[in-house]
Amino acid sequence: MLIPCGQYKPARNSSIRFRDLITMINSILSKFKQKNFLIGFIIIIAAIILVAIYKPNVLFEGLQRSALYALIALPMALLLGIVDIVNLAHGEFMMVGAYFAYFMNVQFGMDPIVAVIPALFLFFLFGILVYYITFKHIIGKEPLSQLLLGFGVGLVLAEGITVIATNFPRKLGLDYVSSSATIGGFTFGTFEFVYVAATIIILVGLQLFLKKTDTGQAALAVGQNPRGAKIVGINVQWIYLLIFALSIALIGAIGPLFGTRYTIFPGVGDQYTLKSFILVAVGGMGSLNGVVLAALILGMAETLVLSSLQYGKWADIIYFALIIGFILYRSHQRQVK
Amino acid sequence: MKYWKYLICAVLLIVAVSLPKFIGVYPLQMANIILIYMALALSWDMLLRTGQLSFGIAGFFGLGGYATMLTSTYFGFNPLLSLMAAAITAGLVAALVGYSVLRLRALYFAIVTLALGEIFRVIAQNLEITGGTEGMLLKQTMFKGDAASTYWVMLAIGVLTIIISIIFQKTRIHYASTSIRNDEIVAASSGVNIFKYLVIIFAVTSAIQGLVGGAYVQLYGFVEPTATTFSINFVLMPITMALLGGLYTTWGPVIGAVLLSVIAESLKLRIPYGHLLVYGIIMVVGILWFPGGIMGFIKKMFKISNQ
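One line per chain: the protein sequences are A and B, in this order.
Taking numbering that gives the first Met the number 0, I'd label the letters of the first sequence as residues 0 to 336.
Taking numbering that gives the first Met the number 0, I'd label the letters of the second sequence as residues 0 to 306.
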């Protein structure tokens, strides 16, 4: 009696194991077929290692640069990717945050890193205000007016700052910004790792918010189908308000961090709007990890081109060509061809 | 009284043509600026009628400007021929690029046009033959800088743009573009060749923008990639003008261009920094509360008076 059982049991177990293995391999293979995710990941790792051997400076520089791009793109990924609101005034809010930190520093001697905390609260309120005045009336209508509205709001912010502070470029003279470290033969700036840390904090925070909290789940539902979300009893207006204000608060708080290292002027936000939008479009709507990955690729590629003396000035064009190629390849296309 | 419209147009045209007899050089220069922005605003609106929002005005404007500059510097084209070259270059590039880019959805199309403008700018900034960051000077501006002749060329471009816009409004292109704007799937299933119309309209409007860019370079006699020729102003101002005047109409952008150019000129003296703030506010207020613009207001008035 026991022997058949004993024979039976391992046989069953092994068959299950075998089936598990097959399903696992199948799932991995299907993942390879569907997303090419792992292949892409391996290629990226290999490319980074190659870069590290070829030009170690580029690795650090590129990591810091891509962290800054990812940092600025993440609030837009939240707003555009999750609840489908296009805010073309994105970079301008960051610019206003940077000016806020600048004037806090000049007037009260407040450190820009400390200014992140009041900026977070102030820009949350500012976001609520902007939402009630402008974006509330336009959500759910044609996307063109959303684009134009964002453009207009951005213009008002940039020109408002110009009226207050003129378009004279400003820079905070902070000592710790130029701190550096030396490992082996080469030296690199250490302060910029603030951007890496901030990116990780915001990414993890947003992922936790979206996955673990009811509000985050509700936001995802609203993004998928606003009408359906309304039917199941989600307060759609409130979710829009919350996500909009959260996005503005984050980008406003990134402003001071940006202002520590870079020269600020009223038009500085412009290009970051474009770059963030591009990262969100390349990384995939609704995927925060994808945005960070896209920032890593583009930041590294840009730094690599910038590091060459001869072709450094063509870095921008590679960025834009990559983007157009990516957007065309990922086929965000019209329904009728 | 059906012919009133034509009579008004004829009188306006005669006044516009004979303007150099009555006013000085500075107002004439103002008129040139108005005509430039009017043509840009109208061409942008013509593409918007199909539901495609383009932020690439500055890109094609600058492309035309550079085409004019390069052809007249290196090949010795005379001014009018170089303007033709500008229009043809911009139109051809737009047709080629549009062939792939116009397949994108509204949002992505808008961003890709913005990126295209940036690409044109970076190319112009980095090539040797385009003068790099410093730009180039034109040896001789159009008609040796004669104000009246220059103005007439500008007027011709403006009138040409208005005529093309009217043609687009009166022929079957109007029905095609309106149906594409309203519902692409319905338009396609009713037999409208969406893609063909989009490429044609995109090429024509870009050619107009290139032509205007060429005229701008012939007027001022220089190109400079960062601050002037590819300036974001050439995106912002036309869009604001079209919004203020009223979208999807021929006369809306014209009215908007005249009003805003005059306002901007007087504001420049009062608020040297940030006079564009007024533009931003007009844009936001216009989109939120007056989507019809001035033309929408006029139409509403006429409807009320008819009833």
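Here a beta-carbon is modelled for each residue, glycine too, at the ideal position from N, C-alpha and C.
Give the straight-line distance between the Cα atoms of B/A66 and B/M83, rounded to the nearest whole angstrom.
Translated into positions along the second sequence, residue 66 of chain B becomes position 67. Translated into positions along the second sequence, residue 83 of chain B becomes position 84. C-alpha separation (whole angstroms): 9 Å.
How many angstroms separate the CA atom of A/A88 from the CA atom of A/V152?
Here residue 88 of chain A is taken as the residue at index 89 of the first sequence, counted from 1. Here residue 152 of chain A is taken as the residue at index 153 of the first sequence, counted from 1. A/A88 and A/V152: Cα-Cα distance of roughly 6 Å.
Kindly indicate which three-state DSSP category A/M75 falls into: helix, strand or coil?
Within the first sequence, residue 75 of chain A is the residue found at index 76, counting from 1. Residue state, collapsed to three classes: helix.
B/R120 by DSSP, collapsed to three states: which one?
Position 121 of the second sequence, counted from the start, is the residue given in the question as residue 120 of chain B. Residue state, collapsed to three classes: helix.
Grab me the residues of A/L171's own chain with a C-beta within less than 7 Å of its C-beta, minus the 5 sequence neighbours each way, in chain order.
By one-based count along the first sequence, residue 171 of chain A stands at place 172. So the list reads Y101, N104, P111, G258, T259, once near-sequence residues are dropped.
Can you find a C-beta in chain A that's less than 8 Å from the C-beta of B/G273?
Here residue 273 of chain B refers to the residue found at position 274 of the second sequence. It does: the Cβ of B/G273 has a partner Cβ on chain A nearer than 8 Å.
When you compare the CB of B/N232 with every CB in chain A, is at least one pair closer than 8 Å?
Counted from its first residue, the second sequence places residue 232 of chain B at position 233. No - not a single Cβ of chain A is within 8 Å of the one on B/N232.
Which of the three DSSP states, helix, strand or coil, is assigned to A/A88?
As a first step, residue 88 of chain A must be located in the first sequence, where it is residue number 89. Here A/A88 sits in coil by DSSP.
Does B/T177 come out as helix, strand or coil in the three-state DSSP assignment?
Taking the second sequence and counting its residues from 1, the one referred to as residue 177 of chain B is at position 178. Of the three classes helix, strand and coil, the one that applies to B/T177 here is helix, per DSSP.
Identify the contact partners of A/E158 in chain B, using a Cβ-Cβ distance below 7 Å as the criterion.
By 1-based counting over the first sequence, the position of residue 158 of chain A is 159. Within chain B, the residues near A/E158 are G273, L275, L276, G279.
Find the residues of chain B that neighbour A/N166, judging by a C-beta separation of less than 9 Å, and give them in chain order.
Your numbering for residue 166 of chain A matches position 167 in the first sequence. Within 9 Å Cβ-Cβ: Y272, G273.
Would you tell me roughly how many angstroms separate the C-alpha atoms of A/V409 and A/G108, rounded to the nearest one?
Here chain A has residues from 0 to 336 only, and residue 409 of chain A is not among them.
Span separating the alpha-carbon of A/Y271 from that of A/N166
To locate residue 271 of chain A, count along the first sequence from 1; it is residue 272. To locate residue 166 of chain A, count along the first sequence from 1; it is residue 167. Near 18 Å, if we compare the C-alpha coordinates of A/N166 and A/Y271.
Cα-Cα, which of A/L154, A/M94, A/Y261 is closest to B/M236?
Your numbering for residue 236 of chain B matches position 237 in the second sequence. Comparing Cα-Cα distances from B/M236 to each of A/L154, A/M94, A/Y261, the minimum goes to A/L154.
Please list, in chain order, the chain A residues whose beta carbon lies closer than 7 Å to that of B/I87.
Counting from 1 along the second sequence, the entry for residue 87 of chain B is found at position 88. Per Cβ cutoff of 7 Å: no residues; B/I87 is ~23 Å from chain A at best.
With 8 Å as the threshold, decide whether the Cβ of B/S99 is near any Cβ in chain A.
Stepping through the second sequence from its first residue, residue 99 of chain B is reached at position 100. Cβ-Cβ to chain A under 8 Å: yes for B/S99.
Quick check on DSSP: helix, strand or coil for B/L258?
Your numbering for residue 258 of chain B matches position 259 in the second sequence. Here B/L258 sits in helix by DSSP.
Rounded C-beta distance between B/S42 and B/T160? I'm assuming under 8 Å.
Here residue 42 of chain B is taken as the residue at index 43 of the second sequence, counted from 1. Here residue 160 of chain B is taken as the residue at index 161 of the second sequence, counted from 1. Their Cβ separation, rounded to whole angstroms, is 6 Å, which keeps B/S42 and B/T160 in contact under 8 Å.
Name the chain B residues that come within less than 7 Å of A/S307, Cβ to Cβ?
Walking along the first sequence from the start, residue 307 of chain A turns up at place 308. Near A/S307 there are no residues of chain B at all, since even the closest Cβ is about 13 Å away, more than 7 Å.
As a quick exercise: from B/K299, B/A202, B/M240, pick the residue whose alpha carbon is nearest that of B/I254.
Reading the second sequence from its first residue, position 255 is the one you call residue 254 of chain B. B/I254 has its Cα closest to that of B/M240, out of B/K299, B/A202, B/M240.
Contacts of B/L62 in chain A (Cβ-Cβ under 9 Å)
As a first step, residue 62 of chain B is located in the second sequence; it is residue number 63 there, counting from the start. By Cβ distance, chain A contributes nothing, its closest Cβ being about 15 Å from B/L62, past 9 Å.
Applying a beta-carbon distance threshold of less than 9 Å, which residues of chain B neighbour A/L148?
On the first sequence, position 149 is the one that residue 148 of chain A refers to. Chain B residues near A/L148: M282, V283, I286, L287.
Using a Cβ-Cβ cut-off of 7 Å (strictly less than) and excluding sequence neighbours within five positions of B/E264, which residues of its own chain qualify?
Position 265 of the second sequence, counted from the start, is the residue given in the question as residue 264 of chain B. The residues are M29.
Cα separation between A/A248 and A/I84?
Along the first sequence, one-based indexing puts residue 248 of chain A at 249. Along the first sequence, one-based indexing puts residue 84 of chain A at 85. Cα-Cα distance, rounded: 16 Å.
Any idea what DSSP makes of B/L126, helix, strand or coil?
Here residue 126 of chain B refers to the residue found at position 127 of the second sequence. DSSP places B/L126 in coil when its eight states are reduced to three.
Counting Cβ pairs, one atom from each stretch, are 3 or more of them under 8 Å apart for the segment 67-74 of chain A and the segment 185-200 of chain A?
yes
For the segment 299-317 of chain A against the segment 278-288 of chain A, do three or more pairs of beta-carbon atoms, one drawn from each stretch, fall closer than 8 Å, so that the two count as touching?
no
Does the beta-carbon distance from B/Y272 to A/T186 come in below 8 Å?
Here residue 272 of chain B is taken as the residue at index 273 of the second sequence, counted from 1. Here residue 186 of chain A is taken as the residue at index 187 of the first sequence, counted from 1. Going by C-beta atoms, B/Y272 is not nearer than 8 Å to A/T186.
Please list the residues of the segment 96-120 of chain B that have a C-beta atom closer than 7 Å to any C-beta atom in chain A, keeping them in chain order.
S99, R102, L103, R104, A105, L106, Y107, A109, I110, V111, L113, A114, E117, I118
Between which two residues does the alpha helix (DSSP H) harbouring B/G64 extend?
The residue given as residue 64 of chain B occupies position 65 in the second sequence. Note, B/G64: alpha helix (DSSP H), 56-73.
Can you tell which of B/Y98, B/L106, B/V222, B/L91 has the C-alpha that lies nearest to the C-alpha of A/P142?
Position 143 of the first sequence, counted from the start, is the residue given in the question as residue 142 of chain A. For the residues B/Y98, B/L106, B/V222, B/L91, the minimum Cα distance to A/P142 belongs to B/L106.
If you draw a straight line from the C-alpha of B/F167 to the C-alpha of B/L18, how long is it?
Here residue 167 of chain B corresponds to residue number 168 of the second sequence, with the count starting at 1. Here residue 18 of chain B corresponds to residue number 19 of the second sequence, with the count starting at 1. Distance between the alpha carbons of B/F167 and B/L18: 28 Å.
Could you give the distance in angstroms between the alpha-carbon of A/I116 and the alpha-carbon of B/F296?
As a working mapping, residue 116 of chain A is identified with position 117 in the first sequence. As a working mapping, residue 296 of chain B is identified with position 297 in the second sequence. One C-alpha to the other measures close to 46 Å.
Counting pairs of beta carbons, one from the segment 129-146 of chain B and one from the segment 67-75 of chain B, are three or more of them closer than 8 Å?
yes
On a CA-only basis, which of A/S65, A/G61, A/F134 is nearest A/I242? Give me that one, please.
Counting from 1 along the first sequence, the entry for residue 242 of chain A is found at position 243. Closest option to A/I242, Cα to Cα, is A/F134.
My understanding is that B/G90 touches B/V211, with C-beta atoms under 8 Å, so please give their C-beta distance in whole angstroms.
By 1-based counting over the second sequence, the position of residue 90 of chain B is 91. By 1-based counting over the second sequence, the position of residue 211 of chain B is 212. Contact doesn't hold; Cβ gap of about 13 Å is too wide.
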